[in-house]
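In this note's numbering, the protein residues as written are 9 to 424.
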Ligand code: ADP
Ligand code: ASP
Ligand code: MG
């Protein structure tokens, strides 16, 4: 905590408001009032805002009308403008309510990132401009999602990246809390828009939240959780439409172990590639995955199964959007390993996962998951596990059914 807040016993709060929460001018006014209330209660307030809902998609859509494969540097120039509009409107709305506010874009704060356009990583945040404006009694309104690289190019942090902007700013300022205001009351046992009986979780560990975020629960961007965990930021996910206590993301606590499964989630739009009967010799995996990695293609679940006669099948999943490119890369670089006709692909897959630190100390969770999916007659393509999660790749059309069945089966429903 800075000397400022210690002497006034004030809190330093970072509040992030997502797209739906700032989706209309009325909602922006509503958020402005909330920020001012926090300020008038004596706190220092830094606000991070997303683009108005639908705006980032609209902007990216405009670019796609011009080019199928747009230059990512220019895409970031375009996509980042959504947040520029939001911060200006938010600062105006706070001023209109009688408060003092100043907007700042990524390069004005100096949120320094690497140069990986569309998926940039924050490297450093200069807190001086923010601290100075707070010292002048202003609410500082910062554009989420965007940064600047060393060469001065505008960058963006990947979809949902305003969460990461917020947690990173909170870490840089050593804020007392980072409040993520969104359109649901907190982190639930499953997406409340899919499972009506989903229950709000009061406290969740960073590790469980990391898994849920990386396995499809978009309520927090995964990198925001990584930042939170690394710098010990207290993250409070809550609704921008009410004052209910939301979900605290915190270091693991003893009581959490007694819960077998904390949450159920699913990713969509996955694809699968199988290379049939490739030579089963040392180094074969590196030969296959090296050109894919060089092409920036991220692979996920990998399964290898020996067939016979020194031959093996190698199967892996990846984002459906990368499938065509991956196939081309394999045909080009690994032609000596297999006949191109022997590359089998499948799309419209989903990965459903159950997550919970309690799994570490309890047996039978995988079995229970398989039994629940079997009862629904859902075919499992691939399985992958970690200490605290079990994932099954299934046909995408059964994703919601699987999530509901697992949520029920593990007793996560209200009162379950
Ligand atoms: P924002 O625009 O505020 O960043 P997002 O749409 O990115 O909001 O994230 C909030 C959404 O995340 C919710 O509306 C909900 O549908 C979805 N979601 C998915 N899984 C979960 C979960 N386990 N708990 C809460 N919300 C979830
Ligand atoms: N506006 C960006 C997006 O839609 C960032 C965010 O909302 O967090 O992905
Ligand atoms: Mg979001």
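Glycine included, each C-beta is placed from N, C-alpha and C at the ideal position. All values reported here derive from a predicted model rather than from experimental measurement.
Distance cut-off 7 Å: residue i Cβ against heavy atoms of the ligand ASP
i           : result
residue 153 : yes
residue 58  : yes
residue 171 : yes
residue 393 : no
residue 163 : no
residue 121 : no
residue 64  : yes
residue 96  : no
residue 114 : no
residue 69  : no
residue 236 : no
Range of the contiguous beta strand (DSSP E) that encloses residue i
i           : result
residue 154 : 154-156
residue 130 : 130-133
residue 426 : An answer regarding residue 426 cannot be provided, because it is not within the stretch 9 to 424 covered by the chain.
residue 315 : No beta strand (DSSP E) holds residue 315; DSSP gives it neither H nor E.
residue 246 : 243-247
residue 258 : 255-258
residue 164 : 162-164
residue 77  : Run containing residue 77: none; DSSP gives neither H nor E here.
residue 22  : 20-25
residue 55  : 52-57
Enclosing alpha helix (DSSP H) for residue i [first to last residue]
i           : result
residue 65  : 63-74
residue 102 : 89-104
residue 415 : 407-417
residue 298 : 292-302
residue 36  : 33-48
residue 146 : Taken as a continuous stretch (DSSP letters only), residue 146 belongs to no alpha helix (DSSP H), as it is neither H nor E.
residue 510 : With the chain represented from 9 up to 424, any question about residue 510 goes unanswered, as that position is not in the structure.
residue 229 : Looking at the DSSP string, residue 229 is not in any alpha helix (DSSP H), and its letter there is neither H nor E.
residue 117 : 114-117
Assumed close pair residue i, residue j - CB separation to whole angstroms, cut-off 8 Å
i           : j           : result
residue 148 : residue 112 : 6 Å
residue 46  : residue 23  : 7 Å
residue 1   : residue 311 : Beyond the ends of the chain as shown, which are 9 and 424, falls residue 1; an answer cannot be given.
residue 409 : residue 377 : Contact flag wrong, Cβ pair sits at about 14 Å.
residue 155 : residue 119 : 4 Å
residue 172 : residue 131 : That pair is no contact at about 12 Å.
residue 70  : residue 89  : Contact flag wrong, Cβ pair sits at about 10 Å.
residue 21  : residue 187 : 6 Å
residue 247 : residue 192 : 6 Å
residue 133 : residue 54  : Between residue 54 and residue 133 the Cβ distance is about 11 Å, and since that is not below 8 Å, they are no contact.
residue 282 : residue 321 : 6 Å
residue 261 : residue 327 : About 34 Å separates the two Cβ atoms, so there is no contact after all.
residue 52  : residue 18  : 6 Å
Residue i beta carbon near the ligand ADP (any heavy atom closer than 7 Å)
i           : result
residue 414 : no
residue 199 : yes
residue 214 : no
residue 29  : yes
residue 195 : yes
residue 271 : yes
residue 77  : no
residue 365 : no
residue 375 : no
residue 191 : yes
residue 220 : yes
beta-carbon residue i near the ligand MG non-hydrogen atom, thresh 7 Å
i           : result
residue 226 : yes
residue 168 : yes
residue 26  : yes
Min CB distance residue i to chain C below 8 Å
i           : result
residue 106 : Although the question refers to chain C, the structure presented lacks it and comprises just one protein chain.
Considering only residues of the segment 260-288, which uninterrupted beta strand (DSSP E) runs meet the minimum length of 3 residues and lie entirely inside it, listed in chain order?
271-287
Contact between the segment 371-386 and the segment 282-298 is defined here as three or more beta-carbon pairs at a separation below 8 Å; is this criterion met?
With the cut-off at 8 Å, the segment 371-386 and the segment 282-298 do not touch.
What runs of the beta strand (DSSP E), each 3 residues or longer, lie entirely inside the segment 166-210?
185-190
Does the segment 213-225 come into contact with the segment 158-167, if we say contact requires no fewer than three beta-carbon pairs (one atom in each stretch) closer than 8 Å?
no
Contact between the segment 348-367 and the segment 176-188 is defined here as three or more beta-carbon pairs at a separation below 8 Å; is this criterion met?
no
Every unbroken beta strand (DSSP E) within the segment 335-403, with a cutoff of 3 residues, ordered by chain:
351-363, 388-394 and 397-403
Is there contact here, the segment 271-288 with the segment 334-350, by at least three beta-carbon pairs under 8 Å?
yes
Just checking, does the segment 188-202 make contact with the segment 260-280 on the three C-beta pairs under 8 Å criterion?
yes
Quick one: any contact between the segment 121-130 and the segment 51-65, if contact means 3 or more CB pairs under 8 Å?
no
Any chance the segment 203-213 sits against the segment 90-110, with 3 or more Cβ pairs inside 8 Å?
No: fewer than three Cβ pairs fall under 8 Å.
Should the segment 297-305 be regarded as contacting the segment 327-343, the criterion being three or more beta carbon pairs within less than 8 Å?
yes
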